[in-house]
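Note that UniProt numbering gives residue 655 to position 655 of the sequence shown, counting from 1, and the numbers run on in steps of one. A quick write-up on the structure given underneath.
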Amino acid sequence: MSTLCHPLSTVDTMPPVLRQSATSSVFYYINSQHCHMLFDNDPPFIVNCPDPIQASLNLGASVSVTWPTILAFDNSGDPVTEDCSHQSGQLFQFGQTVVTCTYRDPTGNRSPPCIFSILVTVGPVVQCCPNDITQEIPFGQTGANVPYVLQCNLDLNPDVQIISSSRQSGERFPVGETVVTITLQDTDNFRASCSFTIDIVQVDRISPVINCPGLFVQETTVTTGTVVNFPEPTATDNSGSVSLVSRVPVPGSVFTVGDTPVTYIFEDPSRNQATCRFIVSVIVVDTDPPMLLCPGDITIAVLIGVRSVRVDWLLPIVSDPSQPVTLVRASHNPGEEFLVGTTTVDYAYSDARSNTGTCSFDVTIIEENPCSLDLCRNGGTCVTIEIDVTGCICPRCFTGEFCQIPVDACTGNMCSFGSTCLAVPGSCQQYTCQCSECFTGPFCNIAGDVCAWSDCQNGGICQPDLFDCTRYTCQCPTCFSGEFCQIRASGCSPINPCANGGVCTDLSNIECGAFRCDCVGCFSGFACGTAIPNPCYQQPCRNGGTCTRNIQFCASYTCRCLPGFSGDDCQSGSEVLFNPCNSFPCRNGATCVSEDSSDLYYTCVCSSGFSGINCNMIVVPGADLCLGNPCRNRGTCFVSYHSGSTSVFYTPQYICLCADGFTGTDCQLLVSSFPSQNICATTAIGSCQNGGVCVNTYNSFSREESYICECLGLANGQNCKIFVTDACLSSPCLNSGTCVSQNGGFTCICNPAFQGTFCQIIRFDNQPPVIINCPDDTSRDVPSPIFFTPPQATDNSGYVRLVFMSHRPGDLFTAGTTIVSYVFADAANNQNQCSFVVSIENNGLPPFIRISNCPGDIVVRTNAASANVMFGTPTGSSSEGDVFLASQSHRSGDSFSLGSTAVVYNFVDTSGNRATCSFEVTVIISDNCDRVCSQQFVPVCGSDLITYSNLCTFEEARCRNPILTFVSGVCDPDPCSSNPCQPGGTCVLNAFGGFLCLCTQGRTGSRCESVIPLCSPNPCLNGGTCFDLVQTFFCQCPADTSGDICEIDNCDRVCSQQFEPVCGSDGMTYSNRCTFQEAQCRNPILTIVSSGACQQDPCSPNPCQAGGTCVRNDGDFLCLCTQGRTGSRCENGQGLVNCQDRFVFLDSAVRFQEVIIVIPTATFNGIVVPPNDFGGTATSLSRTVYFLEEGQHQFIFRYELAGNTATCDFTITVGDPPLPLGKRSVGEATIDDLTICDPNPCMNGGQCRPVYELHSLITECECPDGWSGDVCTTP
């Protein structure tokens, strides 16, 4: 037990350990302070069971019998419990007695019994004395009281008495042996005596106490070890005497480097021992400084005038046995600028012992002209390739590093069989062989096989002429004829097999005589002989609609609906609005512009402070392109969004409203110099009506010039054809939303609990997303691509999306400060932004334009005469500011004919720097390019600097790379003569006679032959397939998506014919949810009102008065009133009466013409209000008679009622006397009919006609039924 359970320390720092006794199945649970037995299955074992005992009766009837103590132990080490039938020293009577003893451990395990016998016989004298007694006392005591017990039981032998005892039980006995004698006598006076010894022994069990040293550390400079003399331990003992019995190792021994245990053992006279153990640690002390190897001195030559240059070098090589080492001083760092002259660079490193080593070297910058030695010969021109690298531009017919080698193309030529060597014009290195008749090959060494170059087509077999090696005939297969089998037998001639005007397509290339009929008109069938039934015979149009068969699609029809009905079959009693702006897509007060009512696209002109898709995003740096005001010549810039652009990330856009006299991209062109681009003067464009002013515009997204009309008064719409009143008078904003009138429309500013066009949607979430890793500001010394970890965001809704990013990681940043912005939005359009600054210092670099995404040469294989080729559009960036695309020869997706076509993009920046991206698109007929070539070695050098074994192997390579060309013989010794660098790479000679390829962006490799993969991982969304186009990529999108990365849903769905109708919020009944989702994709504000067909349309007939527009709203309707009207049905008016321009004709006999005006009035919700202020020519609020001279005169009247205001501003023009309507002549001039009714002042469909009154030409309105008043505004 002592080996398993003993305390290790006074603090329990060790984890518990389960151990098993080595001799039994006892398990112990041990930690540093306690040992607990967990379980014990083994019984105790008995060591010394006594042998049979025989005793004699001396006195009395019984005798005391003793036996040695029975020893029993348990493997647990715990004491055992004895269970004996008799005890040692007990009186035994005459005869034999059996004694049985067993032992039990604490867990209840019982040992096998110990059984022995006691035989008592009659003897002469009873022995009553006990055995000798030895008693131990601690060292230092002089004696002890010792009790003893006689072995004869006098109570059982009353006839026996003790008559004398030399010492009494319990007396004090001195140290040493004392003999005790006992005398007994029975009734017969028979005496007997016995003796025993009591020995008092002093015992010392206390071990010596050692003064044991702790860790002893010895330093040395020798790595093998050293002699160590350590202070020896000392010991004391209570006996006053102690001896050292062992020490290993002894002081003065040689100790190796590291830790060595030392053990000392002391012993006292009682052989009590104590042990001392400690560690002697020998460590090597480093006194040597680190060893440094600095770079050698650096000398760099720069061009004269260059004052400094950036110098790089490798850091010093540092070694030290006591790693690590630390840089403590560096006077300069690699990459620093060094001025002309000599600068000493020094380094210092320290090791862990503070030993310091240093090294230094000199950097010398000298000014010189690398071409001053002018090593170029034979008229070669020395050019500087780099600061310290020159090259020679050799004149024609010289080559070599220094133009020292003359070149003759035909020297050593390989032309054979009498052929003539002809040098290639303009080259001293290339030649061709002019072969004699019947020989061919690049070296005329191949006997002519006229059929090797035959023109037999379509599988025709060439047959050489037996008598003329230059002639052959073609043996044509079935379905082909002609000299070269070039004429294919047609299935469409000589008689057209297609009936009823069907168009025949020859398919004899598939099967001889095969054809296909493409039917015209309403016929079908294999030969267009079957008539297609007219679908209008089934009378599909409802509600009185007229059915018209669609000639282009004979099985389809079109229903022309009566007024008040719409839908494919006139089944819906609602007006279909085609204008995309009618869905109110633009947010935050933006103006929606559509070119015409059938246009699928619209443009949002954002209000100040907003940008993004549908102007739903706050303005952040990078999204507002108007901050730099790209519009020239006083043009006005507005942030915009075109619905045809990507719906994943907002592409920053803007619209320029050009000042008068300007047009073109960013309003850069004078209309006088470019009249064809003056959109406002183009007769094909509808003119602005009702006094509207036409303004030329430019859209940065579509890159198109267009126009808008700035309308006057109540006019509105694309061409100011529509008259509207204040749209807010109908109170369209729900849930306490605030209505703001804008350009005839309105914007609802919702309270924080609601959102939507009419504030009709409850907003449950007003917490913006949380951005978790917005990058820090960064800076660079020169323009370069900047890589950063894009920020991310989380939101309490669990949904967040990135709606705008101004830049991507890896974009090129030019000199100056650029703000990078990312905007995130959650499902409720709560937004948050991350912005950081990228600063680029130009550091005196010359201005330049960097072109990104310039494609390399492109080879496309096709089976047709042309192919549409997609490629990445190159872009430019400049260290000087904005870069413009000056011209481009082609666009991605254009059709390219067979052969090679050069594509050129030209860029220019604001400082006049120019750059060009050019590449070739080659379209070839598909070919598997496999050739069966001979082993003959007739070398051909390709333009890829590869020597091909013969012309056949070269043609095999050229099939795979059509831009390859060749010259005869092995490749030219000038490695850059044919530019071995692949598309766009620049070949530069090196100092060893070889070359180095400087690759364009997106390519790598020794010859720029490897393309950096752009399609891994796949950037295309929605299952799009990525095609790597060298410097950019192209996404081939599934049929229902589009966009650069297939991010736009084209809304095309493949829906079943199952009829499970749902009613949309537009009042339309959709056949099933699939067709509804297709419509919802095109009009995102659509919702499902109910399952089943739509009920009565609340907007049919139109309940809104005075031209108000009815909008469906959850089974009810809202009226969007024209300007000046309010009320739930636009029944309340607000307008101006008698506020219109007039013409007054001047009598020829007078200078001033008398003009009578009618003071205009304003109506606010039925209340007629006179003016309260005036301006212009008006001099009074009541004066009606004015005398006006020839010219234009402006009258202004202002009105106010209960905070509502209005202004009437009209012009009276005094001019020539009236002439008949129509054409009239004034001198030699001819003018059109008078246009007083253009624009038409009459509202609600009223007809305008001119009327003369008091020498004035005024207008009169003929109102339709249901309307009255001067301009037909009173219902």
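We treat Cβ as the ideally placed atom computed from N, Cα and C, and that holds for glycine. Remember, it's a predicted structure, so these values are computed and weren't measured experimentally.
Less than 9 Å between the beta carbons of residue i and residue j, yes or no?
i: S117; j: I46; result: no
i: F467; j: S436; result: no
i: I819; j: P791; result: no
i: T778; j: F701; result: no
i: G635; j: L657; result: yes
i: F1210; j: F1187; result: no
i: F361; j: G612; result: no
i: N109; j: T66; result: no
i: C570; j: N588; result: no
When we look at the beta-carbon of residue i and count the other beta-carbons within 10 Å, is it buried (16 or more) or exposed?
i: G628; result: exposed
i: C604; result: buried
i: V1144; result: buried
i: W453; result: exposed
i: F266; result: buried
i: S241; result: exposed
i: residue 1322; result: The shown model of the chain, from 1 to 1275, leaves out residue 1322, and the question about it has no answer.
i: H531; result: Note on residue identity: the sequence assigns Ala, not His, to residue 531. Classification of A531: exposed, given that the 10 Å Cβ count is below 16.
i: Y537; result: exposed
i: R703; result: exposed
i: S328; result: The sequence given here has Val at residue 328, not Ser. That one is exposed.
i: F92; result: buried
i: C74; result: The sequence given here has Asp at residue 74, not Cys. Buried, because 16 or more other Cβ atoms sit within 10 Å of the Cβ of D74.
i: I1231; result: Below a pLDDT of 50, predicted positions are generally treated as unreliable, and I1231, at 29, falls in that range; the measurement from the model is reported next regardless. Label assigned to I1231: exposed.
i: V1226; result: Legend: pLDDT at V1226 = 27, less than 50; position of this residue unreliable, no value from coordinates given.
i: C732; result: Going by the sequence as given, residue 732 is Pro instead of Cys. Burial call: buried.
i: I446; result: buried
i: I304; result: exposed
Would residue i count as contacting chain C if we go by Cβ distances under 9 Å?
i: G1191; result: The structure shown contains no chain C; it holds only a single protein chain.
Would you list the one or two residues that DSSP bridges to residue i?
i: L951; result: Its beta-bridge partners do not exist; DSSP assigns none.
i: Q55; result: For clarity, residue 55 is Ala in the given sequence; the question names Gln instead. Bridge partners of A55: V120.
i: F1195; result: G1176, F1210
i: T260; result: V280
i: D506; result: F515
i: H642; result: T603
i: residue 1361; result: This structure does not reach residue 1361, given that the chain is present from 1 up to 1275, and the question cannot be answered.
i: C382; result: C392
i: I487; result: S481
i: R104; result: T81, R110
i: F787; result: In DSSP, F787 forms no bridge with anything.
With respect to the beta strand (DSSP E) encompassing residue i, which residues constitute its N-terminal and C-terminal limits?
i: Q87; result: That residue, Q87, is in no beta strand (DSSP E); it is neither H nor E in DSSP.
i: A409; result: Where A409 is concerned, there is no enclosing beta strand (DSSP E), given that its DSSP letter is neither H nor E.
i: G899; result: 899-909
i: L562; result: Per DSSP, L562 belongs to no beta strand (DSSP E) and is neither H nor E.
i: A867; result: 866-868
i: Y349; result: 341-350
i: E367; result: 356-367
i: M805; result: 800-805
i: G942; result: 940-942
Would the C-beta of residue i count as close to the ligand HEM, meaning under 8 Å from any of its heavy atoms?
i: Q1057; result: In the structure shown, the ligand HEM is absent, as is every other ligand, since no ligand is present at all.
>> For a minimum of 3 consecutive residues, which ranges assigned as the beta strand (DSSP E) are wholly contained in the UniProt domain "Kazal-like" (1047-1096)?
In response: Within the UniProt domain "Kazal-like" (1047-1096), the complete beta strand (DSSP E) runs of at least 3 residues are 1062-1064, 1088-1091.
> Quick one: complete alpha helix (DSSP H) runs, 4+ long, within the region 813-861?
Replying inline: Assignment of alpha helix (DSSP H) within the region 813-861, counting only whole runs of 4 or more residues, yields no such run.
> For the region 128-169, which segments carrying the beta strand (DSSP E) assignment without a break, of at least 3 residues, lie completely within its bounds, in sequence order?
Replying inline: Runs of the beta strand (DSSP E) inside the region 128-169: 133-138, 143-145, 161-165.
> Which full runs of the alpha helix (DSSP H) of 4+ residues lie inside the region 299-342, going along the chain?
Replying inline: With a minimum length of 4 residues, there is no unbroken run of alpha helix (DSSP H) contained wholly in the region 299-342.
> Of all the beta strand (DSSP E) runs that stay within the bounds of the region 180-262, which reach a length of 3 or more residues?
Replying inline: The region 180-262 contains, as complete beta strand (DSSP E) runs of 3+ residues, the segments 191-203, 209-211, 216-220, 226-228, 234-236, 243-248, 253-255 (chain order).
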